[in-house]
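Quick note: the sequence shown uses our numbering, first residue 2, plus one each step. Right, one structure below, let's go through it.
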Amino acid sequence: MLGNAFTGWHLIAILVVILLLFGATRLPALSKSLGQSMRIFKNETRAMKEENAADKADATGTADAGRTTGTGTTEPPKP
2 MLGNAFTGWH
12 LIAILVVILL
22 LFGATRLPAL
32 SKSLGQSMRI
42 FKNETRAMKE
52 ENAADKADAT
62 GTADAGRTTG
72 TGTTEPPKP
């Protein structure tokens, strides 16, 4: 739908508007903070993936050990 809506000229016009709004002196600070935020976000998503992988490994490792019943005893694993 909007595949051809943005051309090179549109992007240049958007960059000029951003430059006028924020000023040339604040743009480096804004880009630095944006980069730091992206780095933090990437690290957090990587940590979450590693936690999920560890949880899955724990779940598959304990699933074969048998399941507990309501009385506190453990049933043997079913073949």
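Where is the CB? At the ideal position from N, CA and C, for every residue including glycine. Treat the numbers as computed from the prediction; the structure is a model and nothing was measured.
> Is it true that the CB of L31 sits closer than 8 Å to the CB of F23?
Replying inline: Yes, they are a contact pair.
>> Are the CB atoms of L21 and L28 within a distance shorter than 8 Å?
In response: No, they are not a contact pair.
> Starting from F23 and walking both ways along the alpha helix (DSSP H), at which residues does that stretch end?
Replying inline: Boundaries of the alpha helix (DSSP H) around F23: 9-23.
> What did DSSP end up calling R47 once you bin it into helix, strand or coil?
Replying inline: In the structure shown, R47 sits in a helix (DSSP, three-state: H, G or I).
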